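A.B. asks: So that we are looking at the same thing, I have put the structure below in structure tokens.
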Amino acid sequence: MNILFKDISELEIKADALILPLFEGADNIYSDINKATGGLINDVIKSKEFGGKLNQTTLLHVRGINIGRILLIGIGKQSDITPDRIRRAGGKAFSYLRGTGSKNIALSGRLFAKLSKSFAASQRPAFYFIEGGLLSLYRFEKYKKSENDKEIKTAIVLGADKGISVKWLKTTSSAVNFAKDLINSPSNDMTPAVLGRIAKSLSGKKIKVKVLEKKDMEKEGMEAYLSVSKGSAEPPKFIILEYKGGKGAPLALVGKSITFDSGGISLKPADGMEKMKYDMSGGAAVLAVIKAASELNLPVNIVGLLPATENLPGGSASKPGDIVKSITGKTIEIINTDAEGRLVLADAIGYAIKYYKPEAVIDIATLTGACSIALGSEAAAMMGNNEGLMEKLEKAAEETYERVWPMPLYEEYKEYIKSDVADIKNSGGRNGSLVTAGYFLKEFAGDTPWVHLDIAGTAWSDKDNPYTPKGATAMGVRLVLNFLKENNR
634 MNILFKDISE
644 LEIKADALIL
654 PLFEGADNIY
664 SDINKATGGL
674 INDVIKSKEF
684 GGKLNQTTLL
694 HVRGINIGRI
704 LLIGIGKQSD
714 ITPDRIRRAG
724 GKAFSYLRGT
734 GSKNIALSGR
744 LFAKLSKSFA
754 ASQRPAFYFI
764 EGGLLSLYRF
774 EKYKKSENDK
784 EIKTAIVLGA
794 DKGISVKWLK
804 TTSSAVNFAK
814 DLINSPSNDM
824 TPAVLGRIAK
834 SLSGKKIKVK
844 VLEKKDMEKE
854 GMEAYLSVSK
864 GSAEPPKFII
874 LEYKGGKGAP
884 LALVGKSITF
894 DSGGISLKPA
904 DGMEKMKYDM
914 SGGAAVLAVI
924 KAASELNLPV
934 NIVGLLPATE
944 NLPGGSASKP
954 GDIVKSITGK
964 TIEIINTDAE
974 GRLVLADAIG
984 YAIKYYKPEA
994 VIDIATLTGA
1004 CSIALGSEAA
1014 AMMGNNEGLM
1024 EKLEKAAEET
1034 YERVWPMPLY
1044 EEYKEYIKSD
1054 VADIKNSGGR
1064 NGSLVTAGYF
1074 LKEFAGDTPW
1084 VHLDIAGTAW
1094 SDKDNPYTPK
1104 GATAMGVRLV
1114 LNFLKENNR
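Residue numbering for the sequence shown follows the numbering used here, starting at 634 and increasing by one per position.
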């Protein structure tokens, strides 16, 4: 979609539809447009057909101006306004107009200019509205016989802040959509090998990609990772991307990349298992972040590590009670084969630290069902060994509304994963299972600054939301990109 900024009035612009955002209970700030349309805007407000409540929409068919349709969109009470409420209104407005077949739309910036006075200098209300609009337009229809051809081609923003970076908006929303396509794809088409080929397609001047095969991992002693792949006919692929945009040690981004998770011998219930193609959401987020970082020329070095495999039952699959060795030499007793994510992450984190000496490690993973139970779909769980890094990520999370909630890693949790026959076990049972999974990973991060993001509850949505259509959410992409931008200027 083209995004243009123009210094002309709403009465001069030519487009299929014009969006007019309005506060709930506030005076109509579009008196000139109201007059030109014969008082139609005031009429629908007085009749209480439209009151400005958040995400409320009313479409007006008008005469007397260059535009035939006006969409009134409510953004709620001014006293309740937040960046994400503006995002939601933008998502509602853009998706609504897409449904009408509008190709070229215009957005009035009057209300945003008024709002800017009550926002921090770094916050741009029009940015949030457009961002929500762009994100709302995603659809996954490649497997449908006839795809929906309704598409908004151009959005013209009138009289809004020209300091908004169109490149940032388009690149980040495109990265989100890229990740969603990977996650939404069925596992028979998104195998570890396919994921590796997609990663290699990102190779270029600033991105180098290599894919380690099973024999390479065997040489490295990555038994923990390989134990997860034993039940699958699809060979594992350890995908490593190096982005060089700056100086110094890289940031390591590790993304859980289980392209399908049945639970292995510790088989999951059949109900809802089809969604377990989403268990590579962390890896998809890492790929998308590196792709966007390159396109935006972010001044940072990143190494992305995607331990890709399937987790399936079979005659050769790992069994509860098996003991495997990690790349660090630490031995692990497998208590539950459905606690496989921490096994692949342990070796990936260990590999990153051994070969790249990163300034920090951030892992992103759909790791535990306990995360969904604790936080629902409203926030990811965050754990780590470095308060400064966690604070920076939390700030980025608030800005993007990809929220995180800090969880403790008390030393006592180590007792939960203490094994009688190995150095550590991969499950400490139900009690504290969200944090014991994090503590398990902490054992492999050592002294390297590290943060774990458990996105199990936020990576998938079972319903349409204003700017997040049903399905994969690409949780973490905007969060990490914002973190990189704000901390590498």
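The beta carbon of each residue, even a glycine, is placed where N, CA and C say it ideally should be.
Note that the structure is a prediction, hence the values are computed from the model and not measured.
For the beta strand (DSSP E) containing glutamate 875, list its first residue and its last residue.
C.D. replies: Start and end: 870–877.
A.B. asks: To which residues does DSSP link phenylalanine 683 through a beta bridge?
C.D. replies: BP columns for phenylalanine 683 are empty, so no partner.
A.B. asks: For lysine 843, which three-state DSSP category applies?
C.D. replies: Here lysine 843 sits in strand by DSSP.
A.B. asks: Look up asparagine 1064 in the DSSP assignment and say whether it is helix, strand or coil.
C.D. replies: Of the three classes helix, strand and coil, the one that applies to asparagine 1064 here is coil, per DSSP.
A.B. asks: Is the stretch 637–645 in contact with the stretch 773–785, if contact means three or more CB pairs nearer than 8 Å?
C.D. replies: These segments do not touch.
A.B. asks: Quick check on the DSSP output: the alpha helix (DSSP H) that includes serine 914 runs from which residue to which?
C.D. replies: Element bounds for serine 914: 914–929.
A.B. asks: Since glycine 1123 contacts alanine 746 with CB under 8 Å, what's their CB separation in whole angstroms?
C.D. replies: Because the chain spans 634 through 1122 in this model, residue 1123 falls outside it and cannot be assessed.
A.B. asks: Using the beta-carbon count (16 or more within 10 Å), is proline 1041 buried or exposed?
C.D. replies: Exposed.
A.B. asks: Using three-state DSSP, classify arginine 1122 as helix, strand or coil.
C.D. replies: Coil at arginine 1122, not helix or strand.
A.B. asks: Taking all protein chains shown into account, do 16 or more other C-beta atoms lie within 10 angstroms of the C-beta of proline 825, making it buried, or fewer, making it exposed?
C.D. replies: Buried, because 16 or more other Cβ atoms sit within 10 Å of the Cβ of proline 825.
A.B. asks: Hey, quick one: how far does the beta strand (DSSP E) through alanine 885 stretch, first residue to last?
C.D. replies: Unbroken beta strand (DSSP E) run through alanine 885: 884–888.
A.B. asks: When you compare the CB positions of valine 842 and lysine 833, do they come within less than 8 Å of one another, or not?
C.D. replies: Yes.
A.B. asks: Using CA coordinates, which residue listed in Arg1036, Trp1038, Ile706 and Ile1057 is at the minimum distance from tyrosine 1046?
C.D. replies: Among Arg1036, Trp1038, Ile706 and Ile1057, the Cα nearest to that of tyrosine 1046 belongs to Ile1057.
A.B. asks: With distances taken between CB atoms, is the gap from alanine 1014 to asparagine 1115 smaller than 8 Å?
C.D. replies: Not in contact: alanine 1014 and asparagine 1115 (Cβ atoms no closer than 8 Å).
A.B. asks: Please name the residue in Trp1038, Lys1075 and Met850 whose C-alpha comes closest to that of glutamate 1044.
C.D. replies: Among Trp1038, Lys1075 and Met850, the Cα nearest to that of glutamate 1044 belongs to Lys1075.
A.B. asks: Buried or exposed: which applies to proline 1102, given that a residue is buried once 16 or more other Cβ atoms fall within 10 Å of its Cβ?
C.D. replies: Buried, since its Cβ has 16 or more Cβ neighbours within 10 Å.
A.B. asks: Across the stretch 797–808 and the stretch 843–863, are there enough close Cβ pairs to call them in contact, namely three or more that are closer than 8 Å?
C.D. replies: At 8 Å Cβ cutoff, the stretches do not touch.
A.B. asks: Rounding to the nearest angstrom, what Cα-Cα distance links glutamate 645 and aspartate 814 in this structure?
C.D. replies: For glutamate 645 and aspartate 814, the distance between alpha carbons rounds to 39 Å.
A.B. asks: Closest to glycine 701 by C-alpha separation, out of Gly723, Gly732, Lys710 and Leu651, would be which residue?
C.D. replies: Among Gly723, Gly732, Lys710 and Leu651, the Cα nearest to that of glycine 701 is on Leu651.
A.B. asks: Could you tell me whether the stretch 855–872 touches the stretch 962–981, where touching means 3 or more Cβ pairs closer than 8 Å?
C.D. replies: The answer is yes - the stretch 962–981 touches the stretch 855–872, with three or more Cβ pairs under 8 Å.
A.B. asks: According to the neighbour-count rule (16 or more other Cβ atoms, all chains shown, within 10 Å of its Cβ), is threonine 715 buried or exposed?
C.D. replies: It counts as exposed.
A.B. asks: Using beta-carbon positions only, say whether alanine 648 and isoleucine 706 come within less than 8 Å of one another.
C.D. replies: It is not a contact, given that the beta carbons lie outside the stated cut-off.
A.B. asks: So if DSSP puts lysine 958 in a beta bridge, which residue, or which two residues, is it bridged to?
C.D. replies: Answer is Thr964, bridged to lysine 958.
A.B. asks: State the CB to CB distance for the pair isoleucine 708 and phenylalanine 656, rounded to an integer number of angstroms; the pair is presumed to be in contact (CB under 8 Å).
C.D. replies: At roughly 6 Å, the Cβ-Cβ gap stays under 8 Å, so isoleucine 708 and phenylalanine 656 are in contact.
A.B. asks: What does the Cβ neighbour count give for valine 1054, buried or exposed, with the cut at 16 atoms within 10 Å?
C.D. replies: Flag for valine 1054 reads exposed.
A.B. asks: Using the beta-carbon count (16 or more within 10 Å), is histidine 1085 buried or exposed?
C.D. replies: By the neighbour-count rule (16 or more Cβ atoms within 10 Å), histidine 1085 is buried.
A.B. asks: Helix, strand or coil for phenylalanine 638? Go by DSSP, reduced to three states.
C.D. replies: Phenylalanine 638: strand per DSSP, three-state reduction.
A.B. asks: Taking the continuous beta strand (DSSP E) assigned at proline 1039, which residues delimit it?
C.D. replies: Start and end: 1037–1039.
A.B. asks: Excluding the 5 residues flanking isoleucine 960 on each side, which residues of the same chain have their C-beta closer than 6 Å to its C-beta?
C.D. replies: Excluding positions up to five away in sequence, the list reads Glu853, Gly854, Met855, Asp980, Gly983 and Tyr984.
A.B. asks: Are the Cβ atoms of isoleucine 797 and phenylalanine 760 separated by less than 8 Å?
C.D. replies: Yes, Cβ-Cβ distance for isoleucine 797 and phenylalanine 760 is below 8 Å.
A.B. asks: Would you please state the rounded distance, in angstroms, between the beta carbons of valine 922 and valine 1113? I believe it to be under 8 Å.
C.D. replies: At roughly 5 Å, the Cβ-Cβ gap stays under 8 Å, so valine 922 and valine 1113 are in contact.
A.B. asks: Can you check whether the CB of serine 927 is closer than 8 Å to the CB of lysine 839?
C.D. replies: Yes, the pair counts as a contact, with Cβ atoms nearer than the cut-off.
A.B. asks: Identify whether asparagine 934 lies in helix, strand or coil by the three-state DSSP scheme.
C.D. replies: If DSSP states are grouped into helix, strand and coil, asparagine 934 belongs with the strands.
A.B. asks: Classify glutamate 966 as buried or exposed, calling it buried when 16 or more other Cβ atoms lie within 10 Å of its own Cβ.
C.D. replies: With 16 or more other Cβ atoms within 10 Å, it is buried.
A.B. asks: Output the distance between the C-alpha atoms of threonine 964 and valine 957, rounded to the nearest integer angstrom.
C.D. replies: So the alpha carbons of these two residues sit roughly 6 Å apart.
A.B. asks: According to DSSP, which residues form a beta bridge with serine 1094?
C.D. replies: Bridge partners of serine 1094: Gly1104.
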